[in-house]
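Heads up: the sequence lines are chains A and B, in that order. All letters in the first sequence, in the order written, are residues -10 to 400 by our numbering. All letters in the second sequence, in the order written, are residues 62 to 455 by our numbering.
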Amino acid sequence: MSDEKISQAERDEAAHFASRAAAAGVARPLAGKGDTPASSSAEPPTLFDVQEMELNFGPQHPSTHGVLRIVLKVDGEKILQAIPDVGYLHRGTEKLFETETYPMGIPHTDRMDYVAAATNNHAFCLAVEKLLDVEVPRRAQLIRVILDELQRLSSHLVWLGTSGIDLGAVTPFWYAFREREQILDFFEEYCGARLTLNCMRIGGLPFDLTTGWIERLFEFVDDLPARIDDYEQLLTDNRIWKKRTVGIGVLTAAECIEWGLTGPIIRASGVEWDLRRAQPYECYDELDFVVPVRQNGDTYDRYVVRVQEMRQSVRIIRQCLERIEAGDIRGKVPRVIKPPAEEIYASVESPKGELGFYCVSNGTNRPYRMHCRPPSFINLQALPKLAKGHLISDLVALIGTIDIVLGEVDR
Amino acid sequence: MTAAKVLTPTVLTYIKVVLIVAVVPAIVGFVVVLAERRLMGFMQVRLGPNRVGPKGTLQGLADLVKLVTKEDVTPARAEKLVHFLAPVLAVIPALTALAVIPMGPSVRLARHVSTPLYVADINIGLLFLLAITSIGVYGIILGGWASNNKYSLLGGLRSAAQLVSYEVPMGLSLVAVLLMTRSLSLVEIVQRQDRLHLWFIFPGLLSFFLYFVSGVAETNRNPFDLPEAESELVSGFNTEYSGVKFAFFFLGEYAAMIIISCVAVTVFFGGWLPPFPHVRALSFLHFIPPFVWFLGKVGVFLFTYIWFRSTFPRYRFDQLMALGWKTMIPLALGNIVVVAVAILATPNRTTGLVRLGWIYGALFVVLFLLAKLRQALTRRDRLEAVPASARRTA
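Shown next, in the form of structure tokens:
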């Protein structure tokens, strides 16, 4: 009786998964356990019969960094095919933008890439500012850049810690989160929130800096390079770390461009493409920083690029802090934001890559259409190609190295 | 009735057996696990468990209560009997193996009553250990298979591969030591180190490395914790285990760790002997009882296990196999030849071993320095690889 119930429930579940898998493009439905309970015992596999196995990797799995599901076809541990199935965290953010006024859209962007809310806010505001043709005051620009770079640091720290855990190195995680916690303290002091910051407004910023914030941040960024040395000491020259990352998931520059991959992924493949340098926004054009580039395009190089980017972010923050001066934090923005009927695209370099908003305005106070170009989603496309032929252990490393946030993938 | 009449050798043996079966799990649950969690906390800038009892000392009790009272789930389509037997198979060999570990020489309990601090001194002790500890791995393999879960199955398979790859170098590394000891009895091995005035770690440096690395692999601990591999296989072979059965696997893993450490101490580090037992200047070390020396040395090894765990990333399945077959087995075989030559080439066996100890020691230092040098060089290379201005600012 109870067995009946279980198998019925499992069958339902299997049918659900199968339909999802079919939607995701899996060739045949999953051979779930509850699917055909009798057939497996009726035909015992002969000795040395090599069988392909289908493995559901996620959505509940410690290493998929959220609710990503990957349907794997494996021979032993070797991956023959990997198909990501996304959408478990879909909340219809883009549709929500259409139902609310422009300023009301900003908090929604927080929930997209939730480990890098500031850059999301920034991209959204940039798009609307471009529509309105508003000038952002210099003080606000500098603070925006500082917030962006702090966010890049914190996002890369999360990536460093979690992808370390993926490969079995537990300790860097705690080190990285110690520093991230401090960064979140800075955010909290600035805008009251730690994760979903909502820290930018169309035309500028919601708040000015609190007293002592700049001095404390100076102290923190002076301290940070030594901390980054700590992480590197644990990983960069570690033999096992190198064995697990060098030559894993190689992407050539041409492939990256074809697939539209951006961010540290394309820079690790030898293309110097960073929007902060290529299409400078705010005051990035006057800042002195280097876009780290590596040539091999493997997981190790992506690791090195991200760590180097953290060092560059420290440089950028320091320069901004030195340049900061008194002034307005909000440009001349009308009370009711009604941009002219136009279509516009604006993008920023988020920690994951090019984050852009394509905004269609029809002259009302709500966007007619607000489309997001999410770097995580587009970078995730490369996963099937990267994973093919590697082992299950490498798949974990590859999910880590793409650096996805499911909130942004699914929106 | 005198103590001697009650405490006959048979009774004492029973007492010792009961002590091992009762005390070792308690030590594992209360001391080793707590020490591991607190030490890892210390290494990872956090506190570790510190809520239950003073400084978290009763955490083990809380865990025990939790595990025992937890529902014991057997998956609907699991192989029920094997699923039940697997954790038992993981624990019993580990506890059995402890019987032959000599923790100290005879101690006097009462007048006319003294007993050695081991259950049995069998003349094939080392062989017995190798045989019985490898049975423990079957627990993991069968547990992974019987769960009827794909992740568990992969974990079990990995464990099987690991067993095949690392039993061999482990055995071979001990063969080289056997050439020095001329006995398989663990008590005799310790006494021989006493008589030769030489711990076998010196001539057996390479053996020791091979043994300990294989031992870490054998016990499925970082960086070789592939059968469990939380980030890859969810929890590997024990994904479908809960409650007491899970506790058994847990206990089995830690008991196996203790065994590996005990054997390393006995064979290479003079067992219960203090360092340099025949150097007059260090004779004050004899005031510390042999039993304490033994436990202290085992503690150092357990610390090393924990240290590994918080330092290293995990090897990949095929890399682990390659390391075992392509590096460790050839090294172990070569080592046997070297040790044999060292013993046969000198008329006096001890001088041969001492010289071998010097050679291995020098080799170790040279290799260590070379590795450091190489590390320094590659580090500079790495920093050159990005634009000069990207280098760390002072």
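Glycine included, each C-beta is placed from N, C-alpha and C at the ideal position. None of these values were measured; they are calculated from a predicted model.
Applying the 10 Å Cβ sphere with the 16-neighbour rule, what's the burial state of A:Arg17? Confidence at A:Arg17 is low in this model, with a pLDDT of 41, below 50, so the placement of that residue is unreliable and no value is reported for it.
From B:Phe270 to A:Phe278, what does the alpha carbon distance come to, in whole angstroms? 46 Å
Among residues of its own chain, excluding the 5 on either side of A:Met42, which ones have a beta-carbon nearer than 7 Å to its beta-carbon? Val63
Determine whether the Cβ of A:Leu395 lies closer than 8 Å to any Cβ atom of chain B. no
Could you tell me the distance, in whole angstroms, from the CA atom of B:Ala83 to the CA atom of B:Phe91? 12 Å
Taking A:Gln140 as part of the alpha helix (DSSP H), name the residues at either end of that continuous run. Arg127 to Asp155
Which residue from B:Gly422, B:Gly304 and B:Ser220 puts its Cα closest to that of B:Arg377? B:Ser220
Determine the direct distance from the alpha carbon of B:Gly165 to that of B:Thr69, and round the result to whole angstroms. 19 Å
If you draw a straight line from the C-alpha of A:Arg133 to the C-alpha of A:Met93, how long is it? 19 Å
Terminal residues of the continuous alpha helix (DSSP H) containing A:Gly342? Segment Gly342 to Ser350 is the beta strand (DSSP E) holding A:Gly342; no alpha helix (DSSP H) there.
Using the beta-carbon of each residue, which ones in chain A are nearer than 7 Å to B:Pro288? Within 7 Å Cβ-Cβ: nothing; B:Pro288 doesn't reach chain A, min ~12 Å.
Considering Cα atoms alone, identify which of A:Phe346, A:Pro73 and A:Gly352 is closest to A:Ile326. A:Gly352
Closer than 8 Å to chain B by CB, A:Glu(-7): Low confidence applies to A:Glu(-7): its pLDDT is 48, below 50, so where it sits in the model is not reliable enough to give any reading.
Going by other Cβ atoms of all chains shown within 10 Å of its Cβ, with 16 needed for buried, is A:Val337 buried or exposed? buried
CA-CA distance, B:Gly121 and A:Pro269? 57 Å
DSSP state of A:Pro26 mapped onto helix, strand, coil: Per-residue confidence for A:Pro26 stands at a pLDDT of 41, beneath the threshold of 50, marking its modelled position as unreliable; no derived number is given.
Neighbourhood of B:Arg410 by C-beta distance below 6 Å, restricted to the same chain and skipping five residues each side: Ile404
Answer yes or no: do B:Leu266 and B:Tyr366 have a C-beta to C-beta separation smaller than 8 Å? no
Could you name the residues of the segment 225 to 258 of chain A whose beta carbon sits closer than 8 Å to any beta carbon of chain B, in the order they occur along the chain? Thr225, Asp226, Asn227, Ile229, Trp230, Lys232 and Arg233
Would B:Gly232 pass as a contact of B:Leu294 if the rule is Cβ separation under 8 Å? no
Taking buried to mean at least 16 other C-beta atoms within 10 Å of its own C-beta, is A:Tyr220 buried or exposed? buried
Return no unless some Cβ of chain A is closer than 8 Å to the Cβ of B:Pro374. yes
DSSP-derived helix/strand/coil call for A:His360: strand
Give, in chain order, every residue of the segment 355 to 384 of chain A whose Cβ lies closer than 9 Å to some Cβ of chain B. Leu380, Ile381, Ser382, Asp383 and Leu384
Selection of the segment 198 to 215 of chain B by Cβ proximity to chain A, strictly under 7 Å: Lys211 and Leu215
With distances taken Cα to Cα, identify the nearest neighbour of A:Glu450 among A:Thr199, A:Pro253 and A:Arg304. One cannot answer for residue 450 of chain A here, as it falls past the ends of chain A, which runs -10 to 400.
In three-state DSSP terms, what is A:Glu271? coil
Residue from A:Glu138, A:Gln70, A:Trp230 and A:Asp274 with nearest C-alpha to B:Pro374: A:Trp230
In whole angstroms, what separates the C-alpha of A:Leu380 from that of B:Trp368? 27 Å
Straight-line gap, B:Ala278 to A:Leu395 (C-alpha atoms, nearest Å): 35 Å
Is B:Asn409 close to chain A? Criterion is C-beta to C-beta, closer than 8 Å. no
Within 9 Å of chain A by C-beta, residues of the segment 362 to 391 of chain B in sequence order: Arg370, Ser371, Thr372, Phe373, Pro374, Arg375, Tyr376, Arg377, Phe378, Asp379 and Gln380
When the Cα atoms are used, what is the spatial distance from A:His79 to A:Thr98? 13 Å
Can you give me the C-alpha to C-alpha distance between A:Ser152 and B:Gly186, rounded to a whole angstrom? 44 Å
My output table needs one value for A:Lys415: the three-state DSSP class, helix, strand or coil. Chain A is shown only over -10 to 400; residue 415 of chain A falls outside these bounds and no answer can be derived.
On a Cα-Cα basis, can you pick out the residue from B:Arg98, B:Ala192, B:Tyr179 and B:Ser292 that is closest to A:His54? B:Ser292
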